[in-house]
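Using numbering that gives the first Met the number 0, the letters of the sequence shown map in sequence onto residues 0 to 352.
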Amino acid sequence: MSSGNQNSPRIQLLHGDLYFSPNCSRSLDGVLQPDHLKGTLHNPFHPGEDPSTVNQHELFQPRTWTRAFGWLAFLPLRPLSRGYPFQSFTPVAEQSIWLKNGGYRLSSRRMLEWLDFEEKVYHAVVSLKGRYNVAMVLPFLPWALGYRRYHSDEGTALKAANNSLNWFTVWMGALSYVIAAAEAKHYQRKPMVAYPDWCSYLQDLKDANVNFPVAWVESVSRSFIAKFDASNPRVGCIAELIDPDPTQPPIEWFVAHGVPVWYRWGKRERDAVVQGDIPQDLQPPASLIQTSSADLLSPLTQFPSQVGLTPPPYFKTMPSKKPDWIDFFEERRKSHELMIKKETPKARQAREN
């Protein structure tokens, strides 16, 4: 990483198009376009034809904003593992894998801490998503990668634990996004309220499945999860200035939340400014536009910070064998079919609405 200012604006050439970021000098390696441009919408959390891996590293590259997966822009690049409730989210070493009941698994204490956090982060995201009407498709839970299960050897158990650990980062990003969306909607109505509405909502939530202690909620509110500024680097996204997804927030919103944002700057965008369809303040600075062609055509690696999106420090590669979460999807499908058979007409109406 360069020691330069990673939050400064930058324009760069990528595949023949200029891309401008008002708040990030990292290089774009590529632009992950939504697959619905090809007629389909790919779910990055679901196994495809080759179900042996989920490309976790791809999640840590900026992609074009979509209703379903735009929230991936909020994935933290530097998740911290200090203090409650994050103290157990450090890389798993061999001494944390225990032999018990004829199999290898994560130590009981750490596993219980992960289970508790997983339960809380899931219900927090789902509850806030519903309360504030936040559009997003959620990933599978970390347990599906095998940290709760017994394994035949220590190495497999260690891989499962670290892969599960990595996946908690994805859920932390999901919670970050729903918190940002909740605060935006709440402060539009009550701008003078000091205590976040989402904090009060979780603390007062009467849910038979989980409760949110004040200490947990307030610790999250003071953590990197709810810290929205340039000192807390996130993945970021590609925004569209012309015909954007209806759920795409304004460029200013990304900048205000410290989320890197890039957008194409070409003839269509320039014409749109002239016609008044795009605000003039979204134009790149003239000094950047006038950058010499030689500079723009230089290899992107010559710019500060060559690979813009590095997964968190404890990010590991997925195992080559079929992961446990493949079974998770099958179990979820069977559970869903059973629920459909048993639910009453009233329950079905409530679910569909």
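Virtual Cβ for every residue (Gly too), placed ideally from N, Cα, C.
Limits of the beta strand (DSSP E) - the one that residue i falls within
i: ARG104; result: 102-105
i: TYR18; result: 16-20
i: LEU360; result: In this structure the chain extends from 0 to 352, so residue 360 is not present and cannot be described.
Per DSSP, cross-strand counterpart(s) of residue i
i: TRP170; result: Paired residue(s): none; TRP170 is not in a bridge.
i: ALA238; result: TYR262
i: LYS184; result: Partner(s): none; LYS184 has no beta bridge.
i: ARG233; result: PRO75
i: LEU31; result: ARG62
Distance between beta carbons of residue j and residue i, contact taken as under 8 Å
i: HIS122; j: ASN231; result: About 24 Å separates the two Cβ atoms, so there is no contact after all.
i: HIS259; j: PRO61; result: At residue 259 the sequence reads Pro, which differs from the His that was named. Contact holds; Cβ gap of about 7 Å.
i: PHE223; j: PRO78; result: 6 Å
i: SER218; j: GLY101; result: Not a contact, Cβ separation roughly 37 Å.
i: PRO43; j: LEU58; result: 6 Å
i: PHE73; j: SER220; result: The pair is not a contact, with the Cβ atoms about 15 Å apart (cut-off 8 Å).
i: GLU117; j: LEU140; result: 6 Å
i: VAL234; j: LEU71; result: 6 Å
i: ASN162; j: PRO90; result: Going by Cβ atoms, the distance from ASN162 to PRO90 rounds to 12 Å, so no, they are not a contact pair.
i: GLU153; j: ILE96; result: 5 Å
i: PRO84; j: TRP215; result: 6 Å
i: HIS256; j: ALA179; result: 6 Å
i: VAL125; j: TRP170; result: With 8 Å as the limit, VAL125 and TRP170 do not qualify as a contact, their Cβ atoms being about 11 Å apart.
i: ARG130; j: TYR194; result: About 16 Å; that fails the 8 Å criterion.
i: TYR146; j: LEU105; result: 5 Å
i: VAL177; j: LYS226; result: The pair is not a contact, with the Cβ atoms about 15 Å apart (cut-off 8 Å).
i: ILE250; j: LEU281; result: 6 Å
Continuous alpha helix (DSSP H) stretch holding residue i: start and end
i: TRP215; result: 213-220
i: ILE224; result: That residue, ILE224, is in no alpha helix (DSSP H); it is neither H nor E in DSSP.
i: TYR200; result: 196-203
i: ILE277; result: Taken as a continuous stretch (DSSP letters only), ILE277 belongs to no alpha helix (DSSP H), as it is neither H nor E.
i: VAL254; result: 250-255
i: ALA207; result: It is not in any alpha helix (DSSP H) - ALA207 carries neither H nor E in the DSSP assignment.
i: SER286; result: 285-288
Three or more C-beta pairs under 8 Å: does that hold for the stretch 129-141 against the stretch 52-71? Verdict: yes, contact present.
In chain order, which continuous runs of the alpha helix (DSSP H) of length 4 or greater are located wholly inside the stretch 112-158? Runs of the alpha helix (DSSP H) inside the stretch 112-158: none found.
Decide yes or no for the touch test of the stretch 250-266 against the stretch 198-217: beta carbon pairs closer than 8 Å, at least 3 of them. Result no; under three Cβ-Cβ pairs closer than 8 Å.
Three-pair Cβ contact test at 8 Å for the stretch 238-252 versus the stretch 155-163: Look at the beta carbons and you see the stretch 238-252 not touching the stretch 155-163: under three pairs across the two are nearer than 8 Å.
Contiguous alpha helix (DSSP H) assignments of at least 4 residues, all confined to the stretch 54-109: 55-58, all fully within the stretch 54-109.
Assess, as a yes-or-no matter, whether the stretch 106-116 is touched by the stretch 174-185 under the definition of 3 or more beta carbon pairs within less than 8 Å. Not touching, per the Cβ criterion.
So does the stretch 264-274 actually touch the stretch 6-20, counting three or more Cβ pairs closer than 8 Å? They touch, by the three-pair rule.
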